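Enquirer:
In this note's numbering, the protein residues as written are 7 to 252.
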């Protein structure tokens, strides 16, 4: 697998790309939790637009609302105020089934813990989003195997998650997020459970696939090394979003 370049090289390549329409957009987004003795305002008046093939890091202290924002952008939670647009559609106006289809077709998700199903092999886990989307089983398996080969797991197709190392499991999770060729991947601390060397390998893989497939990445991270390799770094503080220079 070829290695991606440095942070400066990554950003130079991105700046040379032509501008594109927003894949994911938040408009005056707010989230308040009403549980407990008093309302808790987590996010307020957040606006964000992410273009095709753009890489955005979101940083902030624990409990600042980073994961909440990611869940709202992915349609996994509903905002208290404002709107989220995905692929030009306001997801608030969609029914649950239609919102699920939009997520399956347009978005991929990577989490700190891989969430692979332990009873299924690597190829079966990666094929699952395709099967949910209606792809025939044989074709889903073919596409899953090809992508696992692409991320360096061609020899581990039939292994179950318990038979893979932590880095291998996370690479399989990256493959699962990308197998539907989504326009944008939402990643929540994707290397937070890995050692430094393995985390670096997963960084390289994500950035290489971003470059080759044109997939946007919105990455919540505590890791400044990963954040520096994104096109933009945004910080959440007191419920608002601001550009950070690191």
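Note that the Cβ used here is the ideal one computed from N, Cα and C, for glycine as well. Please read these numbers as outputs of a predicted model, since none were measured by experiment.
(1) Can you give the Cα-Cα distance for residue 80 and residue 230, rounded to whole angstroms?
(2) Under 8 angstroms, do residue 215 and residue 184 count as touching if we go by C-beta distance?
(3) Could you check if residue 52 is buried or exposed, using at least 16 other CB atoms within 10 Å of its CB as the buried criterion?
(4) Using a Cβ-Cβ cut-off of 6 angstroms (strictly less than) and excluding sequence neighbours within five positions of residue 208, which residues of its own chain qualify?
(5) Quick check: what's the CA-CA separation for residue 3 versus residue 203?
(6) By how many angstroms is the C-alpha of residue 166 removed from the C-alpha of residue 33?
(7) Does the beta-carbon of residue 40 have 16 or more other beta-carbons within 10 angstroms, so that it is buried, or is it exposed?
(8) Looking at the unbroken beta strand (DSSP E) that takes in residue 114, where does it start and where does it end?
(9) Helix, strand or coil: how does DSSP classify residue 110 here?
(10) Rounded to a whole number of angstroms, what is the C-alpha to C-alpha distance between residue 128 and residue 137?
Expert: Let me spell this out:
(1) In the chain shown, residue 80 corresponds to position 74, counting from 1. In the chain shown, residue 230 corresponds to position 224, counting from 1. Whole-angstrom Cα-Cα distance: 23 angstroms.
(2) Here residue 215 refers to the residue found at position 209 of the chain shown. Here residue 184 refers to the residue found at position 178 of the chain shown. In contact: residue 215 and residue 184 (Cβ atoms closer than 8 angstroms).
(3) In the chain shown, residue 52 corresponds to position 46, counting from 1. That one is buried.
(4) As a first step, residue 208 must be located in the chain shown, where it is residue number 202. Closer than 6 angstroms at Cβ, skipping near neighbours: 176, 197.
(5) The structure shown does not extend to residue 3, since the chain is modelled only from 7 through 252, so no value can be given for it.
(6) Locating residue 33 in the chain shown gives position 27, where the first residue counts as 1. Locating residue 166 in the chain shown gives position 160, where the first residue counts as 1. If you take the alpha carbons of residue 33 and residue 166, they lie about 41 angstroms apart.
(7) Here residue 40 is taken as the residue at index 34 of the chain shown, counted from 1. Flag for residue 40 reads exposed.
(8) As a first step, residue 114 must be located in the chain shown, where it is residue number 108. 113 to 117 is the span of the beta strand (DSSP E), which, as asked, contains residue 114.
(9) The residue you call residue 110 lines up with position 104 of the chain shown. It is helical.
(10) Looking up residue 128 in the chain shown gives position 122. Looking up residue 137 in the chain shown gives position 131. When rounded, the distance between both Cα atoms is 14 angstroms.
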